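Q: One structure is given below, represented as C-alpha cells, and several questions about it will come after.
This is the structure:
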C-alpha cells in the first residue's frame, strides 16, 4: 500500500529518564526510565498515524535484536518500515535524555548509524519503488536534521525531491545549521524553535515573529517558529507573518513536542485548514502532548 507521507531521518530507541523534581547538573533523584520508539522522523510518523494517516519511514535500522524489536514496535504503532534500510553491520541508533520538572536537563543522540548509511536510505525514492528522477515522489515528506549536512545539501538539489511538499525540522539546536542548504528551497517549510532560527539567521531575534521575518529575509519560502510557552509564528514569502500563543499547561514532558507540533500542523493543512487555524491546531496538539494528555 502506498504511504500517505514519507518520514526521512532518525528512527531509534528513546531512553528517557524523568523525575518530578527540579534538577541541576549532578542531581541524583528518583524517577522513571522508559524505552520507546523515537527519533524525529519516528515521532512525526507516530503522530501522523494517530491522526489516521499511513506514514512510512526512510531510515537506517540495524539487523540486531534492538532493530528487530524496533521494527515490531513501529508496526504496532501504525508506522511502516517496509522501505527502511536494514544494515547488517550498523547497530540500531539510540537517544538518551534526562528530564526534570524544569525541562530537559541533558541528552545524547547516538545517530551514527543513520549518518553512516548516508544516501542508502533514499534508494526507494530513486529505484522506482516510491519514485525516480523522472517521476519523483509527489506527496509530503517530513525531513529531519539528523541527516548529515552533505546529504541534506544533496537533497536540496536533487530531482528526487523536486515535486515533494518538504516539511523540514532540525534534530536539535546543535544540528540546526545543517538545514542551511534547504533554507531557500522553494517547496520547503521549515519548523524551528527560536534558538534554531537564530542560529540559521545569525541574528538575535527576541520573538518567534521576529525570527520568522528574519528567515523569510534570508530566502525561506515558508517557516514556523516556536518558543516554548510563548508566542509562535508562521511566515510565508510574500504573505507576511502571523502569530499565536499556545495554551498554558503544566509541562510533564518535552521530548517530542516539536515533532508533535509539526505533524499536527501538516494534518490540519491536509484537511484544508487556513493558516491561522492550522497554527492554532498545532499549538493545541503540542500543549496537550507536553501536559501528558494520553490522547496526544
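Numbering (UniProt numbering), first residue to last: 1 to 296. The beta-carbon is built from N, C-alpha and C at its ideal position, and this holds for glycine as well. Quick caveat: nothing in here was measured; it's all calculated off a predicted structure.
1. With three or more C-beta pairs closer than 8 Å as the rule, is the segment 68 to 81 touching the segment 43 to 50?
2. Let me check one thing: in DSSP terms, what residues is residue 289 bridge-paired to?
3. Can you tell me whether DSSP reads residue 230 as helix, strand or coil?
4. Go through its chain and collect everything with a Cβ distance to residue 32's Cβ below 6 Å, but skip five positions before and after it.
5. CB-CB under 6 Å to residue 165, same chain, minus the five flanking residues each way: which ones, in chain order?
6. Is the CB-CB distance between residue 5 and residue 163 below 8 Å?
7. Quick one: Cα of residue 98 to Cα of residue 11, how far?
8. Look at residue 234 and residue 279 and say whether their C-beta atoms are less than 8 Å apart.
9. Between 153, 118 and 161, which has its C-alpha nearest residue 136's C-alpha?
10. Quick check: the Cα distance between residue 129 and residue 188, rounded to an integer number of angstroms?
11. Assign residue 190 to one of three DSSP states: helix, strand, or coil.
12. Nearest to residue 52 by CA position, among 288, 270 and 25, is which residue?
13. Could you tell me which residues DSSP puts in a beta bridge with residue 140?
14. Excluding sequence positions up to five away, which residues of its chain have a Cβ less than 6 Å from the Cβ of residue 300?
15. Compute the beta-carbon to beta-carbon distance between residue 171 and residue 145, rounded to the nearest angstrom, for a pair I have assumed lies under 8 Å.
16. Can you tell me the Cα-Cα spacing of residue 63 and residue 93, whole angstroms?
17. Residues in its own chain within less than 8 Å of residue 290 by CB, not counting five upstream and five downstream?
18. Do residue 1 and residue 54 have their CB atoms nearer than 8 Å?
19. Can you name the residues that DSSP bridges to residue 80?
20. Can you list, in chain order, the residues of its chain with a C-beta nearer than 6 Å to that of residue 265? Leave out the 5 residues immediately preceding and following it.
21. Looking at the structure shown, is residue 1 part of a helix, part of a strand, or coil, going by DSSP?
22. Determine, using beta carbons only, whether residue 119 and residue 154 come nearer to each other than 8 Å.
23. Give me the Cβ distance between residue 87 and residue 113, rounded to the nearest whole Å; I'm assuming they're in contact under 8 Å.
24. For the alpha helix (DSSP H) containing residue 113, list its first residue and its last residue.
25. What does DSSP give as the partner residues of residue 86 in its beta bridges?
26. With DSSP collapsed to three states, give me the class of residue 34.
27. Taking 8 Å as the threshold (C-beta atoms), are residue 23 and residue 29 in contact?
28. Could you check if residue 102 is buried or exposed, using at least 16 other CB atoms within 10 Å of its CB as the buried criterion?
29. Going by DSSP in three states, residue 154 sits in which element: helix, strand or coil?
30. Where does residue 106 sit, in a helix, a strand or coil, going by DSSP?
A: Based on what the coordinates show:
1. yes
2. Position 289 of the chain shown, counted from the first residue, corresponds to residue 289. According to DSSP, residue 289 bridges with nothing at all.
3. The count along the chain shown starts at 1 and reaches residue 230 at position 230. Here residue 230 sits in strand by DSSP.
4. Residue numbering aside, residue 32 sits at position 32 when the chain shown is read from its first letter. The residues are 18.
5. Residue mapping note: residue 165 aligns to position 165 of the chain shown, counting from 1. Taken in chain order, the residues that qualify are 140.
6. Position 5 of the chain shown holds residue 5. Position 163 of the chain shown holds residue 163. In this structure, residue 163 does not lie closer than 8 Å to residue 5 by Cβ.
7. Translated into the one-based positions of the chain shown, residue 98 becomes position 98. Translated into the one-based positions of the chain shown, residue 11 becomes position 11. Taking the straight line joining both Cα atoms gives about 19 Å.
8. Numbered from its first residue, the chain shown carries residue 234 at position 234. Numbered from its first residue, the chain shown carries residue 279 at position 279. Closer than 8 Å, so yes.
9. Here residue 136 refers to the residue found at position 136 when the chain shown is read from its first residue. The residue with the shortest Cα to Cα distance from residue 136 is 161.
10. Mapped onto the chain shown, residue 129 falls at position 129. Mapped onto the chain shown, residue 188 falls at position 188. Approximately 23 Å, taken between the alpha carbons.
11. Along the chain shown, read from residue 1 onward, the residue named residue 190 stands at position 190. For residue 190, the three-state secondary structure derived from DSSP is strand.
12. Translated into positions along the chain shown, residue 52 becomes position 52. Comparing Cα-Cα distances from residue 52 to each of 288, 270 and 25, the minimum goes to 270.
13. Along the chain shown, one-based indexing puts residue 140 at 140. In DSSP, residue 140 forms a bridge with 165.
14. Look at the range of the chain in this structure, 1 to 296, and you will see that residue 300 is not part of it.
15. Position 171 of the chain shown holds residue 171. Position 145 of the chain shown holds residue 145. Going by Cβ atoms, the distance from residue 171 to residue 145 rounds to 4 Å, so yes, they are a contact pair.
16. As a working mapping, residue 63 is identified with position 63 in the chain shown. As a working mapping, residue 93 is identified with position 93 in the chain shown. Linking residue 63 to residue 93 through their CA atoms gives a straight-line distance of about 11 Å.
17. Position 290 of the chain shown, counting from 1, holds the residue named residue 290. Here the set comprises 249, 251, 252, 253, 254 and 257.
18. Taking the chain shown and counting its residues from 1, one reaches residue 1 at position 1. Taking the chain shown and counting its residues from 1, one reaches residue 54 at position 54. A contact, by the Cβ cut-off of 8 Å.
19. On the chain shown, position 80 is the one that residue 80 refers to. Per DSSP, 56.
20. To locate residue 265, count along the chain shown from 1; it is residue 265. So the list reads 278 and 282, once near-sequence residues are dropped.
21. On the chain shown, residue 1 is found 1 positions in, with the first residue counted as 1. Looking at residue 1 - three-state DSSP - the assignment turns out to be coil, as it is neither helix nor strand.
22. Your numbering for residue 119 matches position 119 in the chain shown. Your numbering for residue 154 matches position 154 in the chain shown. Against a cut-off of 8 Å, the Cβ pair of residue 154 and residue 119 comes out as a contact.
23. Your numbering for residue 87 matches position 87 in the chain shown. Your numbering for residue 113 matches position 113 in the chain shown. Under the criterion of beta carbons closer than 8 Å, residue 87 and residue 113 qualify as touching, at roughly 7 Å.
24. Locating residue 113 in the chain shown gives position 113, where the first residue counts as 1. Residue 113 -> alpha helix (DSSP H) spans 112 to 117.
25. For the purposes of this step, residue 86 is taken as residue 86 along the chain shown, with counting starting at 1. In the DSSP output, where bridge partners are listed per residue, residue 86 has 61.
26. To locate residue 34, count along the chain shown from 1; it is residue 34. It is a strand residue.
27. Residue numbering aside, residue 29 sits at position 29 when the chain shown is read from its first letter. Residue numbering aside, residue 23 sits at position 23 when the chain shown is read from its first letter. Closer than 8 Å, so yes.
28. Stepping through the chain shown from its first residue, residue 102 is reached at position 102. The residue in question, residue 102, is exposed, as its Cβ has fewer than 16 Cβ neighbours within 10 Å.
29. As a position in the chain shown, residue 154 is number 154, starting the count at 1. Residue state, collapsed to three classes: helix.
30. For the purposes of this step, residue 106 is identified with residue 106 of the chain shown, where counting begins at 1. Note: residue 106 maps to strand in three-state DSSP.
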